[in-house]
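As structure tokens, the structure follows; a few thoughts come after it.
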Amino acid sequence: LSWRSIASVDDKELKEMAWGLANSKQPFLWVLRPGSIQGCEWIELLPEGFTETVGDLGCIVKWAPQKEVLAHNAVGGFWSHCGWNSTLECLSEGVPMICRPSFGDQRVNARLLSNVWKVGMVFENDELEKVEIERAIRRLILGKEGEEMRQRARDMKEEIQHCIKKGGSSYNSFNALAEFIMSIK
29 LSWRSIASVD
39 DKELKEMAWG
49 LANSKQPFLW
59 VLRPGSIQGC
69 EWIELLPEGF
79 TETVGDLGCI
89 VKWAPQKEVL
99 AHNAVGGFWS
109 HCGWNSTLEC
119 LSEGVPMICR
129 PSFGDQRVNA
139 RLLSNVWKVG
149 MVFENDELEK
159 VEIERAIRRL
169 ILGKEGEEMR
179 QRARDMKEEI
189 QHCIKKGGSS
199 YNSFNALAEF
209 IMSIK
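Per the numbering used here, the sequence shown starts with residue 29, numbered consecutively.
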């Protein structure tokens, strides 16, 4: 879970996220950047008893190398705001997503992930609730739907790798653009 590099969450939303993660009983890595929670510096607003409840299942850090984390085979899903960079990183590593878009292109990206490519699921309510969070995590990690999304995500990863290798469509298009730019005098 890496939450919003630009926007921040309030303490109520943070608590719902925390208990949803804890109640899912699934291992997680949660990147909580300093300043990403309104009214606190880092994790002092996590609910009382949260860290004891999750124990070794959860790891909360200030920063992690997102691309490297997503490339690890232990990662079964990624909860994101669906910015384009995170979306591309997930797709190129074959990781399905739990989508919580906020603004800009994030809503379109979330719809593409969930409705078109079917490698993501979107929180439907504007306000997050721990029960909904727990349900989404368990669906993605333990459910048949999540298994199918992971397979589609792996298939997309293969397609992406094919497109960017020498002779692939993206490789060729990029080279054509570079040649065009170089030809301009």
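The beta-carbon is built from N, C-alpha and C at its ideal position, and this holds for glycine as well.
query = Can residue 126 and residue 111 be called in contact, C-beta distance under 9 Å?
reply = no
message = Any heavy atom of the ligand MN inside 8 Å of the beta-carbon of residue 157?
response = Because no ligand of any kind appears in the structure shown, any question about the ligand MN cannot be addressed here.
ask   = Should residue 109 go down as buried or exposed, given a rule of 16 or more other Cβ atoms within 10 Å for buried?
value = buried
ask   = Are the beta-carbon atoms belonging to residue 89 and residue 50 less than 9 Å from one another?
value = no
inquiry  = Given this structure, state the Cα-to-Cα distance separating residue 206 from residue 117, to the nearest angstrom.
reply    = 23 Å
task = Report the option in 52, 38, 44 and 47 whose CA atom is closest to the CA atom of residue 168.
result = 52
inquiry  = Do residue 145 and residue 180 have their beta-carbon atoms positioned less than 9 Å apart in this structure?
reply    = yes
task = On a CA-only basis, which of 124, 92, 96 and 135 is nearest residue 183? Give me that one, please.
result = 124
ask   = My guess is that residue 44 and residue 158 are in contact by the Cβ rule of under 8 Å, so how many angstroms apart are they, rounded?
value = 5 Å
ask   = In angstroms, rounded to a whole number, what distance separates the CA positions of residue 189 and residue 77?
value = 44 Å
query = beta strand (DSSP E) containing residue 87: first to last residue?
reply = 86-89
query = For residue 102 versus residue 59, is the C-beta spacing smaller than 9 Å?
reply = no
task = Please report the residue range of the alpha helix (DSSP H) in which residue 174 lies.
result = 172-192
inquiry  = Suppose you measure from the CA of residue 155 to the CA of residue 41; what does that come to, to the nearest Å?
reply    = 8 Å
message = Our contact map puts residue 128 next to residue 107 with C-beta atoms below 8 Å; I'd like the distance itself, whole angstroms only.
response = 7 Å
task = Going by CA-CA distance only, name the one from 150, 48 and 97 that's closest to residue 214.
result = Within the shown structure, residues of the chain are numbered from 29 to 213, placing residue 214 beyond reach of any answer.
query = Buried or exposed: where does residue 203 fall if 16 or more other Cβ atoms within 10 Å of its Cβ makes it buried?
reply = exposed
ask   = Would you report the Cα separation of residue 164 and residue 194, rounded to the nearest angstrom?
value = 38 Å
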